[in-house]
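> Dumping the structure here so I can ask a few things about it.
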Amino acid sequence: MKRTFGLQRAEVLAALGSALVLVGVEVWVLIQAVDRLRSSVEIDSRLMLVVAFIRVLANLGALLVLRPAQAKSPEHAWRLSRGAR
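Below is the structure:
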């Protein structure tokens with residue numbers, strides 16, 4: 001008899017661990033948000049703009065990398081077969 005339930009259990013436990021980490025981060029962000037609403041915190045606008053600019057560049061890079069794969073997607077093929085662009 002072959003026993004393969006070990007890896008399936010590991011996958012479930014990994015998903016549980018990931019969910020717990022996400023919930024922990026959400027709680028931490030919520031606590032930080034409430035603290036910032038209660039007391040005024042000065043925001044470094046230059047740092048905020050630099051981070052936003054880097055994020056925009058990263059999104060544009062992802063767009064350029066993922067754009068060619070769009071033509072190979074099943075949905076795109078379906079649209080082409082229907083005459084849509």
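Numbering (the working numbering), first residue to last: 1 to 85.
Every residue gets a Cβ at the ideal spot worked out from N, C-alpha and C, and that includes glycine.
Do you know offhand how far L47's Cα is from L57's?
15 Å
> Helix, strand or coil for D35? Go by DSSP, reduced to three states.
Here D35 sits in helix by DSSP.
> Consult DSSP for A43 and reduce its assignment to one of helix, strand or coil.
For clarity, residue 43 is Ile in the given sequence; the question names Ala instead. Correct three-state label for I43: coil.
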